[in-house]
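Going by UniProt numbering, the residue at position 52 of the sequence shown is 52; the numbering climbs one at a time, nothing skipped.
Cβ atoms here follow ideal geometry from the backbone N, Cα and C, with glycine treated the same way.
The structure presented is a predicted model; accordingly, all values stated were derived computationally and were not measured.
Written out below as structure tokens is the structure these notes cover.
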Amino acid sequence: MALLGERKRKDLSFLQFTRLLVVYPWTQRFFDNFGNLSSASAIMGNPKVKAHGKKVLTSLGEAIKNMDDLKGTFAHLSELHCDRLHVDPENFKLLGNELVIVLAKYFGKEFTPQVQAAWQKMVAGVSIALAHKYH
1 MALLGERKRK DLSFLQFTRL LVVYPWTQRF FDNFGNLSSA SAIMGNPKVK
51 AHGKKVLTSL GEAIKNMDDL KGTFAHLSEL HCDRLHVDPE NFKLLGNELV
101 IVLAKYFGKE FTPQVQAAWQ KMVAGVSIAL AHKYH
């Protein structure tokens, strides 16, 4: 993530999370406290969506730094999403797929099949780590 400029990181984090909420509207139920999520334009203009997207991308940056210990890196978030938030772990996969789509759009031809495979592997590992505490 450090290779991306600050503006691109902000754009990516926002687009990734926005796409999740628009493409998979049932995921909105986990964000009742975000206010108006009634339409794509409402989601795009929502500052809480933007802030949470940044948190998500920051966490993925931590994953890149800690590929050898994803379960340890995401232990707290796994517990939070399992025990307190009761998020369906399938949603982690959906969010990871949205990141890959957004990256492909941003990088175009530079996003080769090999680069895509590496990102798919990373987001799959993060999804598994986030689902680790589920019973």
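Segment limits, alpha helix (DSSP H) that includes residue i
| i | result |
| --- | --- |
| M122 | 113-130 |
| K55 | 47-65 |
| T73 | 70-73 |
For residue i, three-class secondary structure by DSSP
| i | result |
| --- | --- |
| G35 | coil |
| V102 | helix |
| L85 | coil |
| residue 152 | One cannot answer for residue 152 here, as it falls past the ends of the chain, which runs 1 to 135. |
| L92 | Reading off the sequence, residue 92 comes out as Phe, not Leu. In this structure, F92 counts as helix in the three-state DSSP scheme. |
| F107 | helix |
Assigned exposure category for residue i - 16 Cβ within 10 Å defines buried
| i | result |
| --- | --- |
| G35 | exposed |
| P25 | exposed |
Same chain, Cβ closer than 6 angstroms to residue i, neighbours up to 5 away in sequence not counted
| i | result |
| --- | --- |
| F74 | A129, L130 |
| S59 | none |
| L95 | L20 |
Neighbourhood of residue i by C-beta, 7 angstroms cutoff - its chain only, sequence neighbours within 5 removed
| i | result |
| --- | --- |
| Q120 | V100 |
| M44 | T18 |
Nonlocal neighbours in the same chain, by C-beta distance under 8 angstroms from residue i, ignoring five residues either side
| i | result |
| --- | --- |
| L3 | Caution is warranted here: a pLDDT of 48 is assigned to L3, below 50, making its placement in the model unreliable, and no coordinate value can be reported. |
| Y134 | S78, C82, P89 |
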